[in-house]
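Taking our numbering, the leading residue of the sequence shown gets 74, the next gets one more, and so forth. Every residue, glycine too, gets a C-beta built ideally from N, C-alpha and C. Working notes for the structure below.
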Amino acid sequence: MKKWWLMLLASTMAFQTLAAEHNADPQGTSLAFYNWYLTALSHEESPIDEHDPLLKEYVTERLLKKITLLIKSPQGMDDDYFLQDQDYSDGWVNNVSASDFTLNGNQASGEVVLGRDPADRQQLLVTLTHDRDGWKIDDVQLESPTR
């Protein structure tokens, strides 16, 4: 049991170190977040529902509060906020790309594409904000319908 806890602690610390390194630029933050997030979903984890502490490494507190309000609203939330879709595609896992981000003061925005197959691709406009911890995702919008 002790070994299990030590392994869990070590892996959590490694993920936090990686998150901190990737928060240095908006493109790296976006790529790191979506690779982590899609991998978690593919392992049947739900970072939002499970209140995964790594979300706070990648996402602004403002956006986390907004998502919580949407989930608790009478309408609920039909789509996964970060995917702008009801579910992820297996073709998106390990197939995340990002354009160069446009910087405007402490904000940056750019396109993140999930998947390679044009018939099964999700194009997102991701906006990040720079704070004392580096770049964090502050908004996600569907850039163009793909399905």
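Inter-residue spacing [alpha-carbon to alpha-carbon] between residue i and residue j
| i | j | result |
| --- | --- | --- |
| N177 | T202 | 10 Å |
| Y154 | I140 | 7 Å |
| Q196 | Q157 | 9 Å |
| A171 | S182 | 10 Å |
| A97 | D204 | 11 Å |
| V199 | Q214 | 7 Å |
| I121 | L128 | 8 Å |
| S103 | I210 | 7 Å |
| P126 | D190 | 32 Å |
| R194 | D151 | 19 Å |
| N33 | E117 | Nothing about residue 33 can be reported from this structure: the residues present for the chain run from 74 to 220 only. |
| S119 | S162 | 15 Å |
| K138 | A192 | 33 Å |
Counted within 10 angstroms of its Cβ, other Cβ atoms place residue i as buried (16 or more) or exposed
| i | result |
| --- | --- |
| L142 | exposed |
| Q159 | exposed |
| P147 | exposed |
| G149 | exposed |
| A105 | buried |
| T133 | buried |
Any non-hydrogen atom of the ligand GTP within 7 Å of residue i CB
| i | result |
| --- | --- |
| Y161 | The ligand GTP is absent from the structure shown, which contains no ligand whatsoever. |
Supposed close pair residue i, residue j - CB separation, criterion 8 Å
| i | j | result |
| --- | --- | --- |
| V169 | L114 | Actually they do not touch by this definition, with Cβ atoms about 12 Å apart. |
| W208 | L187 | W208 to L187, Cβ: 19 Å. No contact. |
| V185 | Y107 | 6 Å |
Please specify which runs of the beta strand (DSSP E), each continuous and at least 3 residues long, are wholly inside the region 148 to 172, giving them in chain order. Within the region 148 to 172, the runs of beta strand (DSSP E) that reach at least 3 residues and sit entirely inside it are, in chain order, 169 to 171.
Counting only runs that start and end within the region 117 to 143, where is the beta strand (DSSP E) found for 3 or more residues in a row? Runs of the beta strand (DSSP E) inside the region 117 to 143: none found.
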